[in-house]
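K.L.:
I'd like to ask some things about the structure below.
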Amino acid sequence: MPEMYLLDLWEEYKPEKKADMIKILNGYLSQCSTENQPTMRAWWWYWDPTPSSLDILIYMVPSRFDSVAYMYDSTGDFAQDGSDGQTLIGPGNKPSIAEVYTRPYTATVMANLVFHEAMHMKLKKGNSMHALGGVASATVPTKVGLSKTNISAMKSALLKPVTQWSDGIAQVRARQQSGLP
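Residue numbers (numbering that gives the first Met the number 0): 0 to 180.
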């Protein structure tokens with residue numbers, strides 16, 4: 000079954016906030032599920048996942064200075080390089096990398112940011128995705144809820160393969176162990 004893996008390698012959030020975010024994300028994934036297909040589930044991941052091309056891997060990083068996407072390709076063509084996250088959309092079979100910057104926002108806003116970056120990745124769209132409105136908007140809403148357009152777009156995209164880059168996990172851990180911030 001496809002999964003959404005959230006990686007908080009810096010342990011920025013308390014368990015309660017993580018649980019609230021997962022509840023919201025699983026609600027969104029349930030709304031976007033397709034009949035006769037298992038529903039994708041969101042999880043906080045604490046070890047190295049081996050994501051399939053149907054999975055979604057979201058790195059939760061403190062800031063753009065800790066960017067996992069830049070570790071992969073510092074000259075990359077980022078779909079969105081905003082103040083709250085970014086997604087590198089890999090062309091063809093090259094990996095895609097999505098990251099959300101950990102902020103002191105509510106669990107709802109953080110879940111919306113995670114889903115927003117997942118939409119960039121799965122839809123393979125840059126800023127043009129923002130025209131879909133709702134959670135896809137350039138300014139992510141502060142309330143829980145996907146628009147009908149968001150649901151329709153992701154329903155067809157969730158089962159499309161997108162290569163994920165999980166090597167960033169080892170690179171972040173090596174950087175942390177070396178004493179670099």
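We put the beta carbon where it would ideally sit given N, CA and C, even for glycine.
Taking P61 as the reference, which of Y71, N92, W46 and P103 has the closest Cα?
P.N.:
Taking the first residue of the sequence shown as 1, we reach residue 61 at position 62. Minimum Cα distance to P61 is reached at P103.
K.L.:
Given I150, which residues of its chain have a CB within under 6 Å of its CB, disregarding the five upstream and five downstream residues?
P.N.:
Stepping through the sequence shown from its first residue, residue 150 is reached at position 151. Closer than 6 Å at the Cβ level, and outside the excluded window around I150, lie Q30 and C31.
K.L.:
Kindly indicate if chain C contains any beta-carbon less than 7 Å away from that of I23.
P.N.:
In the structure shown, chain C does not exist; there is a single protein chain.
K.L.:
Hey, how far is the Cα of R40 from the Cα of T138?
P.N.:
Here residue 40 is taken as the residue at index 41 of the sequence shown, counted from 1. Here residue 138 is taken as the residue at index 139 of the sequence shown, counted from 1. So the two alpha carbons sit approximately 25 Å from each other.
K.L.:
Nearest to I225 by CA position, among L131, A173 and T141, is which residue?
P.N.:
Given that the chain is displayed from residue 0 to residue 180, the structure contains no residue 225 and the question cannot be resolved.
K.L.:
Report yes if the CB atom of D83 is closer than 7 Å to the CB atom of Y71, and no otherwise.
P.N.:
For the purposes of this step, residue 83 is identified with residue 84 of the sequence shown, where counting begins at 1. For the purposes of this step, residue 71 is identified with residue 72 of the sequence shown, where counting begins at 1. Against a cut-off of 7 Å, the Cβ pair of Y71 and D83 comes out as no contact.
K.L.:
Rounded to whole angstroms, how far is the Cβ of I21 from the Cβ of W43, which I believe are closer than 8 Å?
P.N.:
The sequence position of residue 21 within the sequence shown is 22, counting from 1. The sequence position of residue 43 within the sequence shown is 44, counting from 1. Going by Cβ atoms, the distance from I21 to W43 rounds to 7 Å, so yes, they are a contact pair.
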